[in-house]
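First up is the structure itself, then whatever we jot down about it.
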Amino acid sequence: MRTIAIWSSGILGILLLAGFVALSVMAGGPKDALYMLRYALPHMHRGKLHPGDDAPDARLLALNGKDYFHLRERAGARPLMVVFGSYT
Amino acid sequence: MKIYNDYKDHADFLTVYVREAHPTDEWQMKSNVKEDVCYAQPKTLEQRIAIANDFVQRLKYPVPFGIDDMTNAANDAYSAWPERIYIIDEHGRIAYAGGMGPFNYHPDEARQWLASRFGEVAHPDAPEATPAYRRDDG
Chain A
1 MRTIAIWSSG ILGILLLAGF VALSVMAGGP KDALYMLRYA LPHMHRGKLH
51 PGDDAPDARL LALNGKDYFH LRERAGARPL MVVFGSYT
Chain B
1001 MKIYNDYKDH ADFLTVYVRE AHPTDEWQMK SNVKEDVCYA QPKTLEQRIA
1051 IANDFVQRLK YPVPFGIDDM TNAANDAYSA WPERIYIIDE HGRIAYAGGM
1101 GPFNYHPDEA RQWLASRFGE VAHPDAPEAT PAYRRDDG
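Quick note, the sequences are listed as chains A and B, same order.
Numbering follows this note's numbering, with no gaps: position 60 of the first sequence is 60.
Numbering follows this note's numbering, with no gaps: position 80 of the second sequence is 1080.
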């Protein structure tokens, strides 16, 4: 039983290490892999919207920092392409 | 921006600025330093507005713009972070739901949707339109 536990732990450790190495390669280095896990993973979501779903509304602020508008206000007579992103 | 230029007479466009993907105080990429795009994660709405304006002015970004406020409501509703594309049809329904960036972010898919509706716009180079803020961090 003890031997099985030791082997299982060893295999798990190797798998975790291999996963981290793979993530490091993907992210650009071990530090990036750690930062990805720490900062990016909590905000990554597969997404729950699919074609055919009603588009959610959201209140947005204009660049002047004063005027608000609703995302759905921009959808109307024509298709609306919405690109979400940031500067960095 | 190629997609915007090609289809702005047929469709509407909106860019929504959400929480930063690679701020200096979180996961900053080497490319951010190289391109001098170094900002901390905004903690106030004023900071977010300032960065959004920097982006638009620096890149002379012509696409209509909206800023997600600090509740991150738009980001949460659309699972937007770090980048994602949607197309909403005339009935207010999702017509195209892009994948999560960067690896599943494919503007060419959105272009294909628009092309299927309004016809293709030929370009001598590759049809994929890469948003101005999208970087190749390779």
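We put the CB at the ideal spot given by N, CA and C, even for glycine.
(request) Only counting runs of 4 or more residues, tell me where the alpha helix (DSSP H) segments fall wholly within the stretch 1018-1045 of chain B, in order along the chain. (result) List check, alpha helix (DSSP H) in window: 1030-1034.
(request) Would you kindly check if the distance between the Cβ of Asp1069 (chain B) and the Cβ of Val1018 (chain B) is under 8 angstroms? (result) Here the question's residue 1018 (chain B) lines up with position 18 in the second sequence. Here the question's residue 1069 (chain B) lines up with position 69 in the second sequence. No.
(message) With H, G and I counted as helix, E and B as strand and the rest as coil, what does DSSP make of Ala77 (chain A)?
(response) For the purposes of this step, residue 77 (chain A) is identified with residue 77 of the first sequence, where counting begins at 1. Assignment of Ala77 (chain A) by DSSP, reduced to helix, strand and coil, places it in the coil class.
(message) Please state the DSSP three-state secondary structure of Val82 (chain A).
(response) Along the first sequence, one-based indexing puts residue 82 (chain A) at 82. Reduced to three states, the DSSP call for Val82 (chain A) is strand.
(request) Report yes if the C-beta distance between Gly1066 (chain B) and Glu1083 (chain B) is below 8 angstroms; otherwise report no. (result) Here the question's residue 1066 (chain B) lines up with position 66 in the second sequence. Here the question's residue 1083 (chain B) lines up with position 83 in the second sequence. No; because the gap between Cβ atoms is not below 8 angstroms, this pair is not in contact.
(request) With a cut-off of 8 angstroms on the beta carbons, I'd call Ile1085 (chain B) and Pro1064 (chain B) a contact; round off their distance for me. (result) As a working note, residue 1085 (chain B) is residue 85 in the second sequence. As a working note, residue 1064 (chain B) is residue 64 in the second sequence. Their Cβ separation, rounded to whole angstroms, is 15 angstroms, which puts Ile1085 (chain B) and Pro1064 (chain B) out of contact at 8 angstroms.
(request) Rank A:Arg38, A:Ala22, A:Gly76 and A:Met44 by C-alpha distance to the C-alpha of Ala55 (chain A) and give the top, closest one. (result) The residue labelled residue 55 (chain A) in the question sits at position 55 within the first sequence. Ranking A:Arg38, A:Ala22, A:Gly76 and A:Met44 by Cα distance to Ala55 (chain A) puts A:Gly76 first.
(message) Quick check: what's the CA-CA separation for Asp53 (chain A) versus Arg46 (chain A)?
(response) Residue numbering aside, residue 53 (chain A) sits at position 53 when the first sequence is read from its first letter. Residue numbering aside, residue 46 (chain A) sits at position 46 when the first sequence is read from its first letter. Whole-angstrom Cα-Cα distance: 16 angstroms.
(message) Taking 8 angstroms as the threshold (beta carbon to beta carbon), is Asp32 (chain A) in contact with chain B?
(response) Taking the first residue of the first sequence as position 1, residue 32 (chain A) is located at position 32. It does; some Cβ of chain B falls within 8 angstroms.
(message) In whole angstroms, give me the CA-to-CA distance for Ala1040 (chain B) and Thr88 (chain A).
(response) The residue given as residue 1040 (chain B) occupies position 40 in the second sequence. The residue given as residue 88 (chain A) occupies position 88 in the first sequence. Using only the alpha carbons, I get a separation of about 9 angstroms.
(message) Less than 8 angstroms between CB atoms is the rule here; does Asn1005 (chain B) satisfy it with respect to chain A?
(response) For the purposes of this step, residue 1005 (chain B) is identified with residue 5 of the second sequence, where counting begins at 1. For Asn1005 (chain B), the answer is no, since every Cβ of chain A falls outside 8 angstroms of its Cβ.
(message) In the DSSP output, what is Phe20 (chain A) paired with across the bridge?
(response) For the purposes of this step, residue 20 (chain A) is identified with residue 20 of the first sequence, where counting begins at 1. Its beta-bridge partners do not exist; DSSP assigns none.
(request) State the start and end residues of the unbroken alpha helix (DSSP H) segment that holds Phe1118 (chain B). (result) What you label residue 1118 (chain B) is simply residue 118 of the second sequence in a count that begins at 1. Pro1107 to Phe1118 is the extent of the alpha helix (DSSP H) around Phe1118 (chain B).
(request) May I ask you to list, following chain order, the residues of the stretch 50-69 of chain A that have a beta carbon less than 9 angstroms from some beta carbon of chain B? (result) Per Cβ criterion, the list reads His50, Pro51, Gly52, Asp53, Asp54, Ala55, Pro56, Asp57, Ala58, Arg59, Leu60, Leu61, Ala62, Leu63, Asn64, Gly65, Tyr68 and Phe69.
(message) Per DSSP, what are the beta-bridge partners of Val1077 (chain B) in this structure?
(response) Along the second sequence, one-based indexing puts residue 1077 (chain B) at 77. It should be noted that the sequence gives Ala, not Val, for residue 1077 (chain B). Beta-bridge partners assigned by DSSP to Ala1077 (chain B): none are found.
(message) Within 8 angstroms of any Cβ in chain A, is that where the Cβ of His1010 (chain B) sits?
(response) Sequence index remark: in the second sequence, residue 1010 (chain B) carries index 10 (1-based). With respect to chain A, the C-beta atom of His1010 (chain B) has a partner C-beta closer than 8 angstroms.
(message) At the level of alpha carbons, what is the spacing between Asn1072 (chain B) and Pro1062 (chain B)?
(response) In the second sequence, residue 1072 (chain B) corresponds to position 72, counting from 1. In the second sequence, residue 1062 (chain B) corresponds to position 62, counting from 1. Their Cα atoms are separated by approximately 23 angstroms.
(message) Using only CA atoms, which one of B:Ala1050, B:Gln1112, B:Ala1115 and B:Ala1097 lies nearest to Glu1020 (chain B)?
(response) As a first step, residue 1020 (chain B) must be located in the second sequence, where it is residue number 20. For Glu1020 (chain B), the nearest C-alpha among the options comes from B:Ala1050.
(request) Would you grab the beta carbon distance between Glu1090 (chain B) and Pro51 (chain A) for me? Rounded to a whole angstrom, and I think it's under 8 angstroms. (result) Counting from one through the second sequence, the residue named residue 1090 (chain B) turns up at place 90. Counting from one through the first sequence, the residue named residue 51 (chain A) turns up at place 51. Contact between Glu1090 (chain B) and Pro51 (chain A) is absent: CB atoms are separated by about 14 angstroms, not below the 8 angstroms threshold.
(message) According to DSSP, is Val1056 (chain B) part of a helix, a strand, or is it coil?
(response) As a first step, residue 1056 (chain B) must be located in the second sequence, where it is residue number 56. Per DSSP, reduced to three states, the secondary structure at Val1056 (chain B) is helical.
(message) If distances are taken between C-alpha atoms only, which option among A:Leu49, A:Leu17 and A:Lys48 comes closest to Leu34 (chain A)?
(response) Taking the first sequence and counting its residues from 1, the one referred to as residue 34 (chain A) is at position 34. For Leu34 (chain A), the nearest C-alpha among the options comes from A:Leu17.
(message) Would Ala1095 (chain B) and Trp1113 (chain B) qualify as a contact pair, given that the criterion is a beta-carbon distance under 8 angstroms?
(response) Residue mapping note: residue 1095 (chain B) aligns to position 95 of the second sequence, counting from 1. Residue mapping note: residue 1113 (chain B) aligns to position 113 of the second sequence, counting from 1. When the beta-carbon positions are compared, Ala1095 (chain B) and Trp1113 (chain B) come within less than 8 angstroms of each other.
(message) Would Tyr1078 (chain B) and Phe69 (chain A) be called neighbours here (beta carbons separated by less than 8 angstroms)?
(response) Mapped onto the second sequence, residue 1078 (chain B) falls at position 78. Mapped onto the first sequence, residue 69 (chain A) falls at position 69. No; because the gap between Cβ atoms is not below 8 angstroms, this pair is not in contact.
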